[in-house]
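Asks: For the sequence shown, the residue numbers in our numbering are 1181 to 1439.
I'd like to ask some things about the structure below.
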Amino acid sequence: MIPFQDFPGPRRHVPWMTWGLILVNLLVFLYELSLGDRADELIFAYGVVPAALLHGVPQTALVRAHLAFQTPEPVYFTLITSQFLHAGWLHIGGNMLFLYVFGDNVEDRLGHFPYLCFYLLCGIVAGLAQAVAFPDSTVPSIGASGAIAGVLAAYLVLFPVAGVRTVIFIFFFFTIVTLPAIVLIGLWFLLQLFDGVASLAQVQQGMGGVAYLAHVGGFLTGLIITLILRPWLKPPATISYPSYPYHPYSRENDYRRWW
């Protein structure tokens, strides 16, 4: 399932923090591409390496070979730097698409700076969850997926019935449907939870692959924080600035309808 547009209702502000995060991630990824073969050294130095993180030792100090990049000290800073590194075009493309679709209205309800803190905190807990699950792994964990999972959880709490236009692939065929957020995000989380539990019994997770438990950790963090803060958050906007997209079948003056 690939979401590409949502209809949550009006928003008050331009989501410059969400757009800024997307821009920073893209710029860092372009820098990775410019490094060529040395990109692996950057990822190893600034990604989360569980075996190094849990011992408080920079991972670059564990190897004797000369590396072009050194792990920031203390090593715990990698819980933040890892969030801005990606392994390929599909990795960053999928993450930034989800952030673009779901991040703007969450930012509108939380406020710009609290949203940034929320985003980074979810990513930090996601990195810790993956490290605790595979404490002996020397494979760096990277990507914004854990932080974005927290954003999805916040969206689920704040806009549960918002319509989300989604491409659904069935083998070689695809269709476009509008699903309520609670269905789309709920199914996404259940898949992450199922694969995360299954990964605990697989050696391959310690050798690389999708960090499902990081997604679960980030999502649960975002869910708990949003449920706690919801009584103090700004109410939904009644007038939008700038204009927001309407579902093609909704009445123009009724922003609550998604069907």
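Glycine included, each C-beta is placed from N, C-alpha and C at the ideal position.
Just so it is clear, the structure is predicted and the values come from calculations on it, not from any experiment.
To the nearest angstrom, how far is the alpha carbon of HIS1235 from that of ILE1328?
Replies: Within the sequence shown, numbered from 1, the residue matching residue 1235 stands at position 55. Within the sequence shown, numbered from 1, the residue matching residue 1328 stands at position 148. Roughly 27 Å between the two C-alpha positions.
Asks: Scan the region 1337-1422 and note each continuous alpha helix (DSSP H) run of 4 residues or more that stays entirely inside, going in chain order.
Replies: DSSP runs (the alpha helix (DSSP H)) wholly in the region 1337-1422: 1361-1379, 1384-1387 and 1392-1409.
Asks: Can you say whether THR1418 is buried or exposed, counting buried as having 16 or more other CB atoms within 10 angstroms of its CB?
Replies: Here residue 1418 refers to the residue found at position 238 when the sequence shown is read from its first residue. Exposed: under 16 other Cβ atoms inside 10 Å.
Asks: Would you mind listing the beta strand (DSSP E) stretches within the region 1244-1307 that are 3+ residues and don't spill past its ends, in chain order?
Replies: Taking only runs of at least 3 residues, no beta strand (DSSP E) segment lies wholly in the region 1244-1307.
Asks: Using C-beta distances below 6 Å, list every residue in its chain close to GLY1330, excluding the 5 sequence neighbours before and after it, in chain order.
Replies: Stepping through the sequence shown from its first residue, residue 1330 is reached at position 150. Counting only Cβ-Cβ distances below 6 Å, and skipping sequence neighbours, we find CYS1302, GLY1398, THR1401 and GLY1402.
Asks: Using only the alpha-carbon positions, how far apart do VAL1344 and LEU1242 sit?
Replies: As a first step, residue 1344 is located in the sequence shown; it is residue number 164 there, counting from the start. As a first step, residue 1242 is located in the sequence shown; it is residue number 62 there, counting from the start. Rounded to the nearest angstrom, the two C-alpha atoms are 46 Å apart.
Asks: Per DSSP, which residues does PHE1187 bridge with? Please list them.
Replies: Translated into the one-based positions of the sequence shown, residue 1187 becomes position 7. Note: PHE1187 sits in a beta bridge opposite GLY1343.
Asks: Got a sec? Which residues, its chain only, sit under 6 Å from PHE1224 by beta carbon, not counting five neighbours each side?
Replies: Here residue 1224 is taken as the residue at index 44 of the sequence shown, counted from 1. Same-chain partners within the cutoff: PRO1320.
Asks: Have a look at MET1276 and ALA1248 and give me their C-alpha separation to the nearest angstrom.
Replies: To locate residue 1276, count along the sequence shown from 1; it is residue 96. To locate residue 1248, count along the sequence shown from 1; it is residue 68. One C-alpha to the other measures close to 28 Å.
Asks: If I measure Cβ to Cβ from LEU1259 and keep anything under 8 Å in the same chain, skipping five residues before and after, which residues do I get?
Replies: Residue 1259 sits at position 79 when you count from the first residue of the sequence shown. Once the five neighbours on either side are set aside, the close Cβ partners of LEU1259 are VAL1228, LEU1233, GLY1303, ILE1304, GLY1307 and LEU1308.
Asks: For VAL1229, write down the residues that DSSP places opposite it in a beta bridge.
Replies: The sequence position of residue 1229 within the sequence shown is 49, counting from 1. DSSP, once it has assigned bridges, lists no residue as partnering VAL1229.
Asks: What is the DSSP secondary structure of ILE1202, counted as helix, strand or coil?
Replies: The residue labelled residue 1202 in the question sits at position 22 within the sequence shown. Residue state, collapsed to three classes: helix.
Asks: Taking C-alpha atoms, which residue in PRO1195, HIS1266, GLY1189 and VAL1363 lies nearest to TYR1146?
Replies: Given a span of 1181 to 1439 for the chain in the structure shown, any question on residue 1146 remains unanswerable.
Asks: Can you say whether GLU1287 is buried or exposed, counting buried as having 16 or more other CB atoms within 10 angstroms of its CB?
Replies: For the purposes of this step, residue 1287 is identified with residue 107 of the sequence shown, where counting begins at 1. With 16 or more Cβ atoms within 10 Å of its Cβ, GLU1287 is classed as buried.
Asks: For PRO1230, count the other beta carbons within 10 Å of its own beta carbon; 16 or more makes it buried, fewer makes it exposed. Which is it?
Replies: Here the question's residue 1230 lines up with position 50 in the sequence shown. Buried, by the Cβ-count rule.
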